[in-house]
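Chemist: Okay, here's the structure, questions in a sec.
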Amino acid sequence: MNIEKNSVVAIHYKLTDDEGTVVDSSEGQEPLTYLHGSGAIISGLEGALEGKAVGDVFQVTVQPAEGYGEINPEMIQTVPRSAFQGIENLEPGMPLQADDGNGNVHHVIVREVNDQDVVVDVNHPLAGKVLHFDVTVESVRDATSEELAHGHAH
Ligand code: ZN
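If you want it as structure tokens, here you go:
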């Protein structure tokens with residue numbers, strides 16, 4: 002069968018950036034399984050999988066708008082250094098988890114550090130990046146009624 006809305010699809014994939022660096026890969030792990038049409042994976046990849054079948058191998062290049070979005074400058078923020086008490090060796094490129102005080106944990110990346118302030122970037126690490134996927138379709142089946150009710154693959 003071919004992949005269509007409400008198919009449960011398993012893929013192996015390798016994701017590389019424009020520099021050819023492997024950013025993510027399912028190699029050596031279970032394939033990624035998702036409910037097609039549910040928005041569980043980025044739209045550029047989901048769209049490329051439409052109509053594909055088991056055994057299909059393909060490459061797709063996904064622009065930021067159909068990937069993890071453009072970099073939002075408002076999500077790069079300057080925070081007083083006092084907010085980072087207890088964290089030693091703050092330096093650019095360092096990933097942190099920040100609690101916003103409402104119980105939400107955000108993953109941020111430190112961009113700049115000076116005596117008073119720290120500039121943190123709350124954008125998704127892959128925001129603004131062109132993504133290159135190598136994909137192999139491992140399995141395709143109809144979703145069960147339970148999966149459809151839950152809106153995700155089991
Ligand atoms: Zn469920």
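Numbering (my numbering), first residue to last: 2 to 155. Backbone N, C-alpha and C define an ideal beta-carbon position, used for all residues, glycine too.
(1) Tell me whether proline 74 sits in a helix, a strand or coil according to DSSP, three-state version.
(2) From the DSSP output, which residues share a beta bridge with threonine 62?
(3) If I measure Cβ to Cβ from alanine 49 and keep anything under 6 Å in the same chain, skipping five residues before and after, which residues do I get?
(4) Determine the contact status of histidine 107 and aspartate 101, defining contact as a CB-CB distance below 8 Å.
(5) Let me have the residue list for the ligand ZN: C-beta closer than 6 Å to any non-hydrogen atom, ordered along the chain.
(6) Measuring only the C-alpha atoms, how far is valine 123 from isoleucine 72?
(7) For a test of the three-state rule: what should DSSP assign to histidine 151, helix, strand or coil?
(8) Please name the residue in Ala144, His13, Ala150 whose C-alpha comes closest to that of phenylalanine 59.
(9) Run through the DSSP bridge pairs and tell me what aspartate 18 is partnered with.
(10) Compute the distance between the beta-carbons of lysine 53 and aspartate 135, then report whether it is under 8 Å.
(11) Serine 39 by DSSP, collapsed to three states: which one?
(12) From glutamate 148 to serine 44, what does the alpha carbon distance come to, in whole angstroms?
(13) Would a C-beta distance cut-off of 8 Å place leucine 36 and histidine 153 closer than the cut-off?
(14) For serine 26, which residues from the same chain have a beta carbon less than 6 Å from its beta carbon, with the 5 sequence-adjacent residues on both sides left out?
(15) Run through DSSP, which three-state label would alanine 99 get?
(16) How many whole angstroms separate the CB atoms of valine 114 and leucine 91, which I take to be in contact at a CB cut-off of 8 Å?
Modeler: Looking at the coordinates:
(1) Translated into the one-based positions of the sequence shown, residue 74 becomes position 73. Of the three classes helix, strand and coil, the one that applies to proline 74 here is helix, per DSSP.
(2) The residue you call residue 62 lines up with position 61 of the sequence shown. Looking at the DSSP assignment, threonine 62 forms a beta bridge with His133.
(3) Working through the sequence shown from its first residue, we reach residue 49 at position 48. The answer, listed in chain order, is Val61.
(4) For the purposes of this step, residue 107 is identified with residue 106 of the sequence shown, where counting begins at 1. For the purposes of this step, residue 101 is identified with residue 100 of the sequence shown, where counting begins at 1. Yes, Cβ-Cβ distance for histidine 107 and aspartate 101 is below 8 Å.
(5) His151, His153, His155
(6) In the sequence shown, counting from the first residue as 1, residue 123 sits at position 122. In the sequence shown, counting from the first residue as 1, residue 72 sits at position 71. One C-alpha to the other measures close to 9 Å.
(7) Reading the sequence shown from its first residue, position 150 is the one you call residue 151. Note: histidine 151 maps to helix in three-state DSSP.
(8) As a position in the sequence shown, residue 59 is number 58, starting the count at 1. Comparing Cα-Cα distances from phenylalanine 59 to each of Ala144, His13, Ala150, the minimum goes to His13.
(9) On the sequence shown, residue 18 is found 17 positions in, with the first residue counted as 1. Per DSSP, none; premise fails for aspartate 18.
(10) Counting from one through the sequence shown, the residue named residue 53 turns up at place 52. Counting from one through the sequence shown, the residue named residue 135 turns up at place 134. No. Outside cutoff.
(11) What you label residue 39 is simply residue 38 of the sequence shown in a count that begins at 1. Serine 39: coil per DSSP, three-state reduction.
(12) Working through the sequence shown from its first residue, we reach residue 148 at position 147. Working through the sequence shown from its first residue, we reach residue 44 at position 43. Rounded to whole angstroms, glutamate 148 to serine 44 spans 20 Å at the Cα level.
(13) Taking the sequence shown and counting its residues from 1, one reaches residue 36 at position 35. Taking the sequence shown and counting its residues from 1, one reaches residue 153 at position 152. Yes, the pair counts as a contact, with Cβ atoms nearer than the cut-off.
(14) In the sequence shown, counting from the first residue as 1, residue 26 sits at position 25. Around serine 26: Lys15.
(15) As a working note, residue 99 is residue 98 in the sequence shown. Note: alanine 99 maps to strand in three-state DSSP.
(16) Residue mapping note: residue 114 aligns to position 113 of the sequence shown, counting from 1. Residue mapping note: residue 91 aligns to position 90 of the sequence shown, counting from 1. So it is a contact: roughly 5 Å between Cβ atoms.
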